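Each residue of the sequence shown is one higher than the one before, starting from 4 at the first, in the numbering used here.
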Amino acid sequence: MKEKIRLVDDSGIRTDGRKPDELRPIKLEAGVLSNADGSAYIEQGKNKILAAVYGPREVHPRHLALPDRALLRCRYHMAPFSVQERKSPAPSRREIELSKVIRESLEPAIFLERFPRTAIDLFIEVLQADGGTRVAGITAASLALADAGIPMKDMVAACAAGKADGHILLDLNDLEDKEGEADVPVAYMPSINRVGLLQMDGQLTPEEFEKAFNLAIEGCKRIYALQKEALKAKYLAIKEAVEEAGQK
4 MKEKIRLVDD
14 SGIRTDGRKP
24 DELRPIKLEA
34 GVLSNADGSA
44 YIEQGKNKIL
54 AAVYGPREVH
64 PRHLALPDRA
74 LLRCRYHMAP
84 FSVQERKSPA
94 PSRREIELSK
104 VIRESLEPAI
114 FLERFPRTAI
124 DLFIEVLQAD
134 GGTRVAGITA
144 ASLALADAGI
154 PMKDMVAACA
164 AGKADGHILL
174 DLNDLEDKEG
184 EADVPVAYMP
194 SINRVGLLQM
204 DGQLTPEEFE
214 KAFNLAIEGC
224 KRIYALQKEA
234 LKAKYLAIKE
244 AVEEAGQK
């Protein structure tokens, strides 16, 4: 019989040294791909994810064009080398499902009605996976859309909370995700107080669910601040480069 892995010790510390309400270390960068209209890169724990945006642009094939708004197309893909056991490069059922989930979580944030009969294409490539790639992908994708200059009601920040070893934890890593009892991914737009995604895998009592949801919202707010800093850093760097060029 497989021995149960202990995920939280007696002092409330997790296997990676975090407290229950701590996020993994996060690095966010905007404008990392010169060939895309907008792009972003995120490291969250051991996750490494790239997002790229192209558009608004002409729709091909043309019969897919919508007369009253832009068509948002999303492709979430895990590289074959992103997990320990090499995965097939062909899209899996999970990747197709998550592409739909990410698209639906971002659509409410974008003024799609401003670009009728066009397409906005969004590509999310998971280079290394360590649990929570869905929410990390949404965070990077939202930053890439903002970097592309797509008009948005707000940026979307995403985070998950869950239950492991009877504790409600923020930002589950891969081990906690696999061995834990529940997972609650949330996508949130803080400045307009709107939830774009709420899912739950596993079982929680109503009280546990409320605690996990509120913890995930707090995580989203912290990530949102990092998104704004990443966007600001890119344009401050551009401003400095322009000023330097002007002085020469």
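We put the CB at the ideal spot given by N, CA and C, even for glycine.
This one's a predicted model, so the numbers in the text were calculated from it and none came from an experiment.
Excluding residues up to 5 positions away in sequence, Lys166, Ala185 and Ala215 lie with their Cβ nearer than 7 Å to the Cβ of Leu207 in the same chain.
For Leu130, the enclosing beta strand (DSSP E) starts and ends at Thr121 to Gln131. In the structure shown, Pro209 falls within a helical segment according to DSSP collapsed to helix, strand and coil.
Under the DSSP definition of a beta bridge, His63 lacks any partner. By the C-beta criterion, the stretch 155-166 is judged to be in contact with the stretch 183-197, since at least 3 inter-stretch pairs fall below 8 Å.
In this structure Leu172 touches Arg17 by the C-beta definition: roughly 7 Å separates them, less than 8 Å. Beta-bridge partners of Pro188 (DSSP): Ala163. In the three-state scheme derived from DSSP, where H, G and I count as helix and E and B as strand, Glu25 is classed as coil. The alpha-carbon separation between Leu67 and Cys77 amounts to approximately 14 Å.
Straight-line measurement puts the Cα of Arg72 at about 11 Å from the Cα of Pro59. With contacts defined by Cβ atoms closer than 7 Å, Tyr79 and Leu101 form a contacting pair.
Closest option to Phe84, judged by alpha-carbon separation, among His170, Glu61, Tyr57 and Lys51: Lys51. In the structure shown, Ser102 falls within a helical segment according to DSSP collapsed to helix, strand and coil. No Cβ-Cβ contact shorter than 7 Å links Ser37 with Ala147. Here DSSP, grouped into helix, strand and coil, assigns Ser37 to coil. In this structure, Asp133 and Gly205 do not form a Cβ contact; the two beta carbons are roughly 19 Å apart against a cut-off of 8 Å. The Cβ neighbour count for Pro70, taken over all protein chains shown within 10 Å, is under 16; the residue is labelled exposed.
Ranking Gly135, Lys237 and Pro193 by CA distance to the CA of Asp157 puts Pro193 first.
The stretch 213-247 contains no complete beta strand (DSSP E) run of 3 or more residues. Here Asn50 is bridged, per DSSP, to Gln47. When Asp12, Leu31 and Gly15 are compared, the shortest CA-CA separation from Lys235 is found for Leu31. C-alpha of Gly135 to C-alpha of Tyr238: approximately 28 Å in a straight line. Under a 10 Å Cβ-count criterion, Arg21 is classified as buried, with 16 or more other Cβ atoms of the shown protein chains found around its own Cβ. In terms of Cα proximity to Gln131, the closest of Glu46, Glu221 and Glu25 is Glu46.
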